[in-house]
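Chemist:
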Amino acid sequence: MNPLPALVLLPVIGGGLAWLAERILPHTSAPARNASWWVMLATLIVEALLLAMVTFNHPTIRTGPWLEHFSMPWIPTMGIAIRLDMDGLSLSLIWLSLILCFLCACLATRQVTIKSGTFHFLFLTTFTGIIGTFLATDLFLFFFFWELMLVPMFVLIAVWGHEDRQRAALKFFMFTQGSGLLMLLSILGLVITHDRETGVLTFDYFTLAQTHLSPTLSMLLMLGFFIAFAVKLPIVPVHVWLPDAHTQAPTAASVLLAGILLKTGGYGMIRFNIMLFPDTAMYFAPVAMGLGVVGVLYGAWLSCAQEDIKRLIAYSSISHMGFVVLGIFTGSRMGMQGAIIQMLAHGLSAGALFLIAGAIQDRLHTRDMHRIGGLWTAMPRLSATGLFFAVASLGMPGLGNFAGEFLVLLATWHVSPIIATVTTVGLVLAAIYALRMVNRVFLAAPRGDQLPLKDLPVRQMAVFACAMIFLIVLGLHPQPFMTFSAPSPLSVIGVTGQGEHAP
Amino acid sequence: MIEHDVFLPTSLPVLCVGITVMLAATAWRRSTNRSFLTGLATLLLALVFVGHHTGTARDNGDSLFIQDQWANYTAILIMFSSMCILLISWRNDANDRTTSLVDEYPLLCMLGTLGALTMVFSANYMPFFLGLEILGVSLMGLVTFRHRPVMPGYEAAMKYLILSGVSSAILLFGVGLAYGVTGSLRFMPPATTGDIYPALPVAATIMILIGMFFKLSAVPFHMWLLDVMEGAPVPVAAFLAVVSKIAIFSSLIRYFGTGNQPPFLNDILYVVIILTIMGGNLLALRQTSLTRLLACSSIAHVGYLLIAFLCPGRLQSGAITIYLLAYTASTLGVFATIAAFATPDGSDGAVIAQWKGLFFTRPFLASSMSLMLLSLAGIPPGIGFFAKFEIAATGVEYQRNLLLGVLIIGSIIGLYYYLNIIRVMMSAPSLPSASLNRHIRPELMALVIVLTIIVVIGGLFPARALHPLLPVSAIPSDTEAEMTMR
Numbered sequence: 001m002n003p004l005p006a007l008v009l010l011p012v013i014g015g016g017l018a019w020l021a022e023r024i025l026p027h028t029s030a031p032a033r034n035a036s037w038w039v040m041l042a043t044l045i046v047e048a049l050l051l052a053m054v055t056f057n058h059p060t061i062r063t064g065p066w067l068e069h070f071s072m073p074w075i076p077t078m079g080i081a082i083r084l085d086m087d088g089l090s091l092s093l094i095w096l097s098l099i100l101c102f103l104c105a106c107l108a109t110r111q112v113t114i115k116s117g118t119f120h121f122l123f124l125t126t127f128t129g130i131i132g133t134f135l136a137t138d139l140f141l142f143f144f145f146w147e148l149m150l151v152p153m154f155v156l157i158a159v160w161g162h163e164d165r166q167r168a169a170l171k172f173f174m175f176t177q178g179s180g181l182l183m184l185l186s187i188l189g190l191v192i193t194h195d196r197e198t199g200v201l202t203f204d205y206f207t208l209a210q211t212h213l214s215p216t217l218s219m220l221l222m223l224g225f226f227i228a229f230a231v232k233l234p235i236v237p238v239h240v241w242l243p244d245a246h247t248q249a250p251t252a253a254s255v256l257l258a259g260i261l262l263k264t265g266g267y268g269m270i271r272f273n274i275m276l277f278p279d280t281a282m283y284f285a286p287v288a289m290g291l292g293v294v295g296v297l298y299g300a301w302l303s304c305a306q307e308d309i310k311r312l313i314a315y316s317s318i319s320h321m322g323f324v325v326l327g328i329f330t331g332s333r334m335g336m337q338g339a340i341i342q343m344l345a346h347g348l349s350a351g352a353l354f355l356i357a358g359a360i361q362d363r364l365h366t367r368d369m370h371r372i373g374g375l376w377t378a379m380p381r382l383s384a385t386g387l388f389f390a391v392a393s394l395g396m397p398g399l400g401n402f403a404g405e406f407l408v409l410l411a412t413w414h415v416s417p418i419i420a421t422v423t424t425v426g427l428v429l430a431a432i433y434a435l436r437m438v439n440r441v442f443l444a445a446p447r448g449d450q451l452p453l454k455d456l457p458v459r460q461m462a463v464f465a466c467a468m469i470f471l472i473v474l475g476l477h478p479q480p481f482m483t484f485s486a487p488s489p490l491s492v493i494g495v496t497g498q499g500e501h502a503p
Numbered sequence: 001m002i003e004h005d006v007f008l009p010t011s012l013p014v015l016c017v018g019i020t021v022m023l024a025a026t027a028w029r030r031s032t033n034r035s036f037l038t039g040l041a042t043l044l045l046a047l048v049f050v051g052h053h054t055g056t057a058r059d060n061g062d063s064l065f066i067q068d069q070w071a072n073y074t075a076i077l078i079m080f081s082s083m084c085i086l087l088i089s090w091r092n093d094a095n096d097r098t099t100s101l102v103d104e105y106p107l108l109c110m111l112g113t114l115g116a117l118t119m120v121f122s123a124n125y126m127p128f129f130l131g132l133e134i135l136g137v138s139l140m141g142l143v144t145f146r147h148r149p150v151m152p153g154y155e156a157a158m159k160y161l162i163l164s165g166v167s168s169a170i171l172l173f174g175v176g177l178a179y180g181v182t183g184s185l186r187f188m189p190p191a192t193t194g195d196i197y198p199a200l201p202v203a204a205t206i207m208i209l210i211g212m213f214f215k216l217s218a219v220p221f222h223m224w225l226l227d228v229m230e231g232a233p234v235p236v237a238a239f240l241a242v243v244s245k246i247a248i249f250s251s252l253i254r255y256f257g258t259g260n261q262p263p264f265l266n267d268i269l270y271v272v273i274i275l276t277i278m279g280g281n282l283l284a285l286r287q288t289s290l291t292r293l294l295a296c297s298s299i300a301h302v303g304y305l306l307i308a309f310l311c312p313g314r315l316q317s318g319a320i321t322i323y324l325l326a327y328t329a330s331t332l333g334v335f336a337t338i339a340a341f342a343t344p345d346g347s348d349g350a351v352i353a354q355w356k357g358l359f360f361t362r363p364f365l366a367s368s369m370s371l372m373l374l375s376l377a378g379i380p381p382g383i384g385f386f387a388k389f390e391i392a393a394t395g396v397e398y399q400r401n402l403l404l405g406v407l408i409i410g411s412i413i414g415l416y417y418y419l420n421i422i423r424v425m426m427s428a429p430s431l432p433s434a435s436l437n438r439h440i441r442p443e444l445m446a447l448v449i450v451l452t453i454i455v456v457i458g459g460l461f462p463a464r465a466l467h468p469l470l471p472v473s474a475i476p477s478d479t480e481a482e483m484t485m486r
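So the protein lines, in turn, are chains A and B.
Just so you know, we're using the numbering used here here: the first sequence kicks off at 1 and counts up by one.
Just so you know, we're using the numbering used here here: the second sequence kicks off at 1 and counts up by one.
Encoded structure:
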C-alpha cells in the first residue's frame, strides 16, 4: 500500500476516534477523560512510524529525488486528480510538524479539559490539512488542503482561546481565506492558459510547470500565489492577523500556528513561486527581498516593545520569517537551504517558546511581563528551558537558528551587500528583545506576591530536551539536513527542460 | 397551432392530479397530516415520472413544453426542495393550535411547485407566464401563513403582491412586444423580421429581462425580497429563496440559451452582476435577523450564478449545475436548522443573537449549521467550495477580470457574515437560551442529516454532479447578427 494517502488520512481518522472516545466513555473519571488524549498520542505514534518507514525504507534515497508518488483520479472531467508526491523538503517539514505535534501532545493538550475530544479532533484535522498541503502536487488538491486547515484552526482559536479570541479568529480566517482566493484565481489562470495552449485541462503541478506564459501574465499569476503565501508567512504589510491570532490562541494552537502553519507559506513560496515561475520570481526578487528585510526589522523592532510574552514571540516570528523570504528569493542554493534550515529551527524554537509561555500562563494566569518576574528561583527548570530557547531564537552560534540565518545572510551578501548589512541590524534587535524577555521574566528579582509555583516535571523536561537536541544538531551539523531537505527539481516525473531552473 | 396531440412532461399532470386529490380530500374532511402526506406522495410520484412525457414533441419547436436534461435537472431540484420544505413546515402547522385552517398550506405549496415546474418545462410564453403567476399567487397566500404576529406577514404579502404585480406587468408588456415583432410566442429572444424598427425587439428583451430580474431579486430590483422573506414563515422563506429562484433562473437560461448572447445583454448583465454581488453582500453585513441575512446572501448567490451565465464555455454547464445543487442543499440545510429550533409559541430562531452558545448545548445541529454556512461561503469540505471554484473557473476562462475581482471581494465580505454566525454559536452562552426549542423533531433531524451528507459527499466527490445539461442556444445563428444591432 502506498504510504502517502495513509499519511494524510491517518490524523483525521485518529481525530475522529479521539472524538468518539470522549463521547462514548463516561467523562466523569480522569482516565476516561484522558481517553481522547491517548487516542491522539497513539495516532501520532503510528504516524511517526509510517513516516519513519517512508524515510528509511529507501536504500536508493538519493537516486530519485522524489521519494514517493501517489495518484488516483478525483474529478476526471476537470482533470483533477488526488496526486501526492514527496520530496526531501516536504518530508523534513512533515517531520517538523510531527515533532511539534508530539510536543503539543506531551505538554499542552492534556490540560484541555473542556470538550477535549473535540479539541483533539480539530487539532489532528489541522494536522491533516498541513500534511496534505506539504504533499499535494495537484493544484486543486493543494488549494483544497490549504483551505481545509483553516477551518479547524479557526474553531480552535475561537473556542479555546483567550479573552479576545473570537475577533482574532475571525481576522485570521478572513486574511488567510481572502488571500487564498487570489491564489485560486492564479491557479485557474495557469490551468486555463495551459488549456488554451495544449487543449488539456489539468491541475497537475508537473504538467503546468511546462506552460509557456507571457512575462506579464506570468508576473500576475506569480503575484497571486505570492500574496497568499505572504499572508500566511507573514510578510509585513499583510501580517496584521498574526499577533492577535498567536496571542489569543490556546497554547497548542499557538505552537501549531507558529511552528507549522507559517511554514506552509514558506513551503508554498519555494514550491510554487520559485519552481513554477523561476524567471519571474527572479525578476520579482528585489521587491520580495526588500519586503523580507522590512519584515526582519519591523518584527524585531515591535518585538522589543511588547509587554505580552506571547505577542513578543509572535512579532519575533515575523522577524524570523523575514529571513526565510530573504533566503528563498536570493536565487541561490545556499539561500534556499538557509531558508529551509531557518524554517525548521524557528519551528522548534518558537514552538517551544510558546509552550513555555503557555506553561507560565497556566501557573500565573497572566502573560504580562510587568506582572511576571524572577521566575528563576521558583521554577529553575522552566526558566533554564526558556533561556535556552530564547538564546536559540536570538541566533546563538551552534544552534539551528544561527545556521539558517548565517546561510541566508551569506547568500544575501552575494546578491546585495547593503541588504545583508541592513538585515544584520535585525540580529542585534533580536538579541535585545530576547535578552529583555529573559531578564524580565526569568532573571529579575522575584516578586513578593507570587504564589508557590510548581516547576516543570521531569517528564516534560525530557520532552523539551528532545527539541533542544534537535536544535543543537541542526546548528552544529546542518549539512545532512541541507542535502536531505532540498526540494526536488521538477524534471523527474516525465518532464524535462524546466528542471535546471530550479535551485 | 397547437394540435390535440399535446406534448406534456408527465410530472405536470401527476402534480395536477395530486393537487385535485388534495382539494377533494379537503372538501370531504379536513386533515393536515393527510394533506402533507398526499403532497409528499404526489411529489415522489412526480419525481419518478420526471423523465417521461405524453404526446410527441413537434420538430418545428412550436410545442408548449419542452423536456430536455436541463429541464429535468431543475425539475428534480425543485421537487426535492419542495419535499424538504413540506417536511420543514409539517410541525409548524400540525402542532400549532392557534390556527385551524391549515391544510391549505401544503395545497399552496403544491400549487407553487406546479407553477415552478410549468416554468421550467415551458417552451412558450403562455405556459411560462401561467407558471409564473401560479407560483406568485400561491406564494402570496403562503407568505401570510405566520401563526402569531400576523401584521408582518400581511405587510410582506402586500409588498409581494404589489411588486410582483408590477414586475409581471413589465414582463407581460415585453412578451406582448415580442409577439408583435415576431408573431410567435416561442420562448426565445425576439429577432427583427422585415421592416420593423430594430429597437423594438431589444426593448422587448430588456423588459422581459427586467421582469425576470425582479423575480430573481437581482440588484437593483431586490428591495422586496428582504422584507418578504422576513415577514414570511421560515419554510416559506426557504420556498422563496430556493424554489422560485431555481425556476426563474432555469427559465432565464432557457430563454437566452447558452450560446452567444447579444452585446447589449452583456453590458446589462455586467452592471447587474456587480451591483447584485456587492449589494447583496453589503446589505447582509448589518442584518440581525437570520432570514433577512439569508435573503441578502441569496441575492449575492444569484450574482455569482449570473457570472457563470455570462461566461459561456466548456466549464459553464458544470458550474451552473453544481452551483444550483450546492445552493439548494446548503440553503435548505440552513433553513431546516432554523426551523428545528422553532417553538410552538411562534419564536422561530430567526434572530442571530438567539444562537449564542449553541455549540455547547446542541453540538450536532450547530456543527451541521456551520458546515452549511461554510458551504455557502465556499470553504471545503462543503459542496459550495467546489461550486464557487467552478464559477471562478468560468470567469477566468472568459477573462472577466472585473467580475472576478467583485467575486473575491464579495466572497470575503460573505465570509465575514457567515463566520459571524458561527462565532455567535461558539461564544459562551451568557443568558439561558430558553428561547430556542429543546426538543428537535425526528423528521427534521433526519432531514438535516440527509442534507449534511449531501453537502459533504458532494464536496468531496463532486465529479458525479458535473454533467453538461444546459440547453443550446435558442437563437438561430442567422438572426443573431440582427440581434447585435442596437
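Built from N, CA and C at the ideal position, the CB exists for glycine as well.
Just so you know, these numbers come straight off a predicted model, no measurement behind them.
Quick check on this structure: which residue in A:Thr55, A:Pro489 and A:Leu50 has the alpha carbon closest to the alpha carbon of A:Phe277?
Modeler: The option with the nearest alpha carbon to A:Phe277 is A:Pro489.
Chemist: Can you check whether the CB of A:Ile157 is closer than 8 angstroms to the CB of A:Gln248?
Modeler: Yes, these two residues count as a Cβ contact at 8 angstroms.
Chemist: Mind checking the segment 368-392 of chain B against chain A and listing, in chain order, the residues whose C-beta falls within less than 9 angstroms of any C-beta there?
Modeler: Answer set for the segment 368-392 of chain B: Ser370, Leu374, Ala377, Gly378, Ile379, Pro380, Pro381, Phe385, Phe386, Lys388, Phe389, Glu390 and Ala392.
Chemist: Report yes if the CB atom of A:Ser393 is closer than 8 angstroms to the CB atom of A:Ser349, and no otherwise.
Modeler: Cβ atoms of A:Ser393 and A:Ser349: closer than 8 angstroms.
Chemist: Taking Cβ positions only, does B:Ser100 come closer than 8 angstroms to chain A?
Modeler: Note on B:Ser100: pLDDT 49, under 50, position unreliable in the model; no value is reported.
Chemist: Which first and last residues belong to the alpha helix (DSSP H) in which B:Ser11 is found?
Modeler: Looking at the DSSP string, the run of the alpha helix (DSSP H) that includes B:Ser11 is Ser11 to Trp28.
Chemist: Cutting at 6 angstroms between CB atoms, please list the residues of its own chain near A:Gly133, excluding the five before and the five after it.
Modeler: Sequence check: residue 133 of chain A is Thr here, not Gly. Around A:Thr133: Phe145, Trp146 and Thr264.
Chemist: Relative to the alpha-carbon of A:Gly268, which residue among A:Leu387, A:Arg381 and A:Pro487 has its alpha-carbon at the smallest distance?
Modeler: Considering only alpha carbons, the answer is A:Pro487.
Chemist: Grouping DSSP H, G and I as helix and E and B as strand, with all else coil, what is A:Arg381?
Modeler: Note: A:Arg381 maps to helix in three-state DSSP.
Chemist: Compute the Euclidean distance between the alpha carbons of B:Gly257 and B:Leu469, then round it to the nearest angstrom.
Modeler: Roughly 12 angstroms between the two C-alpha positions.
Chemist: Along the segment 441-469 of chain B, what residues have a CB closer than 7 angstroms to any CB found in chain A?
Modeler: Correct list: Pro462, Ala463 and Leu466.
Chemist: May I ask you to verify whether the segment 198-209 of chain B touches the segment 236-251 of chain B, counting CB pairs closer than 8 angstroms and requiring at least 3?
Modeler: Too few Cβ pairs lie closer than 8 angstroms, so no.
Chemist: Name, going along the chain, the residues of the segment 184-212 of chain A whose beta-carbon falls closer than 7 angstroms to a beta-carbon of chain B.
Modeler: For the segment 184-212 of chain A, which is checked against every Cβ of chain B, the residues closer than 7 angstroms are Leu184, Leu185, Leu188, Gly189 and Ile192.
Chemist: Taking 8 angstroms as the threshold (C-beta atoms), are A:Thr176 and A:Val231 in contact?
Modeler: Closer than 8 angstroms, so yes.
Chemist: From A:Val458 to A:Thr377, what does the alpha carbon distance come to, in whole angstroms?
Modeler: About 17 angstroms.
Chemist: Got a sec: is the Cβ-Cβ distance from A:Gly117 to anything in chain B below 8 angstroms?
Modeler: Closer than 8 angstroms: no.
Chemist: Counting only C-beta atoms, is B:Arg486 closer than 8 angstroms to chain A at any point?
Modeler: Caution is warranted here: a pLDDT of 31 is assigned to B:Arg486, below 50, making its placement in the model unreliable, and no coordinate value can be reported.
Chemist: Taking all protein chains shown into account, do 16 or more other C-beta atoms lie within 10 angstroms of the C-beta of B:Leu402, making it buried, or fewer, making it exposed?
Modeler: Classification for B:Leu402: exposed.
Chemist: Considering Cα atoms alone, identify which of A:Leu291, A:Ala300, A:Ala252 and A:Met343 is closest to A:Phe354.
Modeler: That would be A:Ala252, whose Cα lies nearest to the Cα of A:Phe354.
Chemist: State the Cα-Cα distance for the pair B:Arg314 and B:Leu305, rounded to the nearest angstrom.
Modeler: Distance between the alpha carbons of B:Arg314 and B:Leu305: 16 angstroms.
Chemist: Quick check: B:Thr276 and B:Glu230, are their CB atoms within less than 8 angstroms of each other?
Modeler: Their beta carbons are not under 8 angstroms apart, which means B:Thr276 does not touch B:Glu230 by this criterion.
Chemist: Are A:Pro234 and A:Met174 closer than 8 angstroms when you measure CB to CB?
Modeler: Taking 8 angstroms as the Cβ cut-off, A:Pro234 and A:Met174 do not qualify as a contacting pair.
Chemist: Could you please give the first and the last residue of the uninterrupted alpha helix (DSSP H) stretch that includes B:Ser411?
Modeler: Taken as a continuous stretch (DSSP letters only), the alpha helix (DSSP H) holding B:Ser411 covers Asn401 to Met426.
Chemist: Between which two residues does the beta strand (DSSP E) holding A:His69 run?
Modeler: Taken as a continuous stretch (DSSP letters only), the beta strand (DSSP E) holding A:His69 covers Glu68 to Ile75.
Chemist: Under 8 angstroms between C-beta atoms, does B:Arg400 make it to chain A?
Modeler: No, B:Arg400 lies away from the interface with chain A (no Cβ there is under 8 angstroms from its Cβ).
Chemist: How would you list, in chain order, the residues of chain A whose beta-carbon sits under 7 angstroms from the beta-carbon of B:Gly410?
Modeler: By Cβ distance, chain A contributes nothing, its closest Cβ being about 10 angstroms from B:Gly410, past 7 angstroms.
Chemist: I want to see whether chain A comes within less than 8 angstroms of B:Glu397, judged by CB atoms only; does it?
Modeler: Yes, B:Glu397 lies at the interface with chain A (some Cβ there is under 8 angstroms from its Cβ).
Chemist: So B:Ala329 is in the alpha helix (DSSP H); what residue range does that whole segment cover?
Modeler: Per DSSP, B:Ala329 belongs to the alpha helix (DSSP H) from Gln316 to Ala340.
Chemist: Can you give the beta carbon distance from B:Thr394 to B:Ile307, rounded, assuming they're within the 8 angstroms contact cut?
Modeler: Indeed, because the Cβ distance is near 7 angstroms, the residues count as touching under 8 angstroms.
Chemist: What is the DSSP secondary structure of B:Arg186, counted as helix, strand or coil?
Modeler: Note: B:Arg186 maps to strand in three-state DSSP.
Chemist: Which one of A:Val438, A:Phe127, A:Trp301 and A:Phe481 has the shortest CA to CA distance from A:Leu256?
Modeler: Nearest C-alpha to A:Leu256: A:Phe127.
Chemist: Could you list which residues in chain A have their beta carbon closer than 8 angstroms to that of B:Tyr416, in chain order?
Modeler: Ordered by position in chain A, the residues that pass the 8 angstroms Cβ test against B:Tyr416 are Leu170 and Met174.
Chemist: Does B:Arg362 have its Cβ less than 8 angstroms from a Cβ in chain A?
Modeler: Taking Cβ atoms only, chain A never reaches closer than 8 angstroms to B:Arg362, which makes this a no.
Chemist: Verify the CB distance criterion: does A:Ile227 have a CB-CB separation below 8 angstroms to chain B?
Modeler: So no, A:Ile227 is outside the interface.
Chemist: Taking B:Leu487 as the query, report the chain A residues whose CB atoms sit under 7 angstroms from its CB, ordered along the chain.
Modeler: Outside the shown range of chain B (1 to 486) lies residue 487 of chain B, about which nothing can therefore be said.
Chemist: Roughly how many angstroms lie between the CA atoms of B:Thr144 and B:Ile134, to the nearest whole one?
Modeler: Each residue's alpha carbon lies about 16 angstroms from the other.
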